[in-house]
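Trainee:
Residue numbers (this note's numbering): 15 to 267.
1. For residue 256, count neighbouring Cβ atoms within 10 angstroms of its own Cβ and tell me buried if that reaches 16, exposed if not.
2. Considering only DSSP beta bridges, list what residue 67 is partnered with.
3. What's the gap between the Cα of residue 39 and the Cα of residue 30?
4. Would the beta-carbon of residue 167 fall within 8 Å of that of residue 224?
5. In whole angstroms, give me the CA-to-CA distance for residue 158 and residue 219.
6. I'd like to know whether the C-beta atoms of residue 221 and residue 79 end up nearer to each other than 8 Å.
7. Throw me the rounded Cβ distance for the residue 135 and residue 229 pair, which I believe falls under 8 Å.
8. Quick check on the burial criterion: 16 or more other C-beta atoms within 10 angstroms. Buried or exposed for residue 165?
9. Three or more C-beta pairs closer than 8 Å, one from the segment 232-250 and one from the segment 204-219: is that the case here?
10. Smallest Cα separation from residue 116: which of 169, 83, 160, 141?
11. State the Cα-Cα distance for the pair residue 127 and residue 87, rounded to the nearest angstrom.
12. Exposed or buried, what is residue 208 when buried is set at 16 or more other beta-carbons lying within 10 Å of its beta-carbon?
13. Have a look at 92, 120, 71 and flag the residue whose alpha-carbon is nearest the alpha-carbon of residue 24.
14. To the nearest whole angstrom, what separates the beta carbons of residue 198 and residue 76, a pair I think is in contact under 8 Å?
15. Please identify the residue among 141, 52, 63, 171 whose C-alpha is closest to the C-alpha of residue 258.
16. Using 10 angstroms around the beta-carbon of residue 118, count the other beta-carbons present and answer buried if the total reaches 16, otherwise exposed.
17. If we call anything under 8 Å between Cβ atoms a contact, is residue 161 one with residue 248?
18. Does the beta carbon of residue 209 sit closer than 8 Å to a beta carbon anywhere in chain B?
19. So, helix, strand or coil for residue 202, using DSSP?
20. Name the two residues that bound the continuous alpha helix (DSSP H) containing residue 158.
21. According to DSSP, is residue 50 part of a helix, a strand, or is it coil?
22. Which term fits residue 204, buried or exposed, when burial requires 16 or more other beta carbons within 10 angstroms of its beta carbon?
23. Should residue 89 be labelled buried (16 or more other beta-carbon atoms within 10 Å of its own) or exposed?
24. Tell me the rounded alpha-carbon separation between residue 253 and residue 163.
25. Whole angstroms are fine: how far does the CA of residue 131 sit from the CA of residue 232?
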């Protein structure tokens with residue numbers, strides 16, 4: 015393992031975040047804060063509690079997950095797409111750097127940036143609501159697994175995308191609806207039975223439910239099933255990446 019190559023890619027990507035601090039960190043934190051203000055004032059005044067938890071505290075894990083998914087996918091996809099776009103991918107592919115090292119560098123940086131923003135939002139949430147974490151180890155496990163998995167997913171999107179429109183297609187048009195409809199702002203127990211069944215087809219439900227359970231001990235889905243689902247998605251992403259490396263799919267396009 016060429017750790018120097020991994021470190022070079024990792025710190026280069028992290029440096030890009032420092033150069034775009036306003037867009038990379040400040041913007042998502044402000045956007046999430048607005049969710050607390052708007053939903054706290056408009057919805058929180060009508061829904062005092064959900065399953066014994068104040069509404070503002072209830073939506074906190076969902077808001078963190080909403081931001082974490084979007085940031086990890088965007089950072090993971092742009093990190094590998096930009097070298098393809100400007101042509102520097104050829105230098106990377108011709109260098110004595112193995113594909114797993116490239117993945118570790120780019121995905122590690124994307125996951126780190128996503129988790130950093132998630133932690134900032136968690137700290138910010140305490141200025142609006144009282145947040146408790148009943149299972150800190152499980153919270154960290156869900157947090158890290160989700161960040162790594164969706165950074166890998168974003169990395170694959172960056173390889174697949176041929177233009178900026180395709181690059182933004184899934185992060186902008188697919189992930190937000192799934193997250194909003196995945197129980198981020200409500201419990202699916204509040205829905206009619208038919209829509210509860212439909213909600214179980216949404217993979218994001220398992221992430222939000224498991225993450226919320228680590229905070230308050232309440233969940234729409236068994237936490238063990240949630241953990242199994244995110245682990246399964248991680249395995250699928252790793253398997254897909256292995257196929258990409260074996261075939262060289264679009265790495266030079």
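Where a beta carbon is used, it is the ideal one built from N, C-alpha and C, also for glycine.
Mentor: This is what the structure gives:
1. It is exposed - the Cβ of residue 256 has fewer than 16 other Cβ atoms within 10 Å.
2. Paired residue(s): 64.
3. The alpha-carbon separation between residue 39 and residue 30 amounts to approximately 12 Å.
4. No, Cβ-Cβ distance for residue 167 and residue 224 is not below 8 Å.
5. 17 Å
6. yes
7. Residue 135 to residue 229, Cβ: 13 Å. No contact.
8. buried
9. yes
10. 169
11. 11 Å
12. exposed
13. 120
14. 3 Å
15. 171
16. buried
17. no
18. The chain labelled as chain B is not found in the depicted structure, where only one protein chain is given.
19. helix
20. 150-174
21. helix
22. exposed
23. buried
24. 12 Å
25. 24 Å
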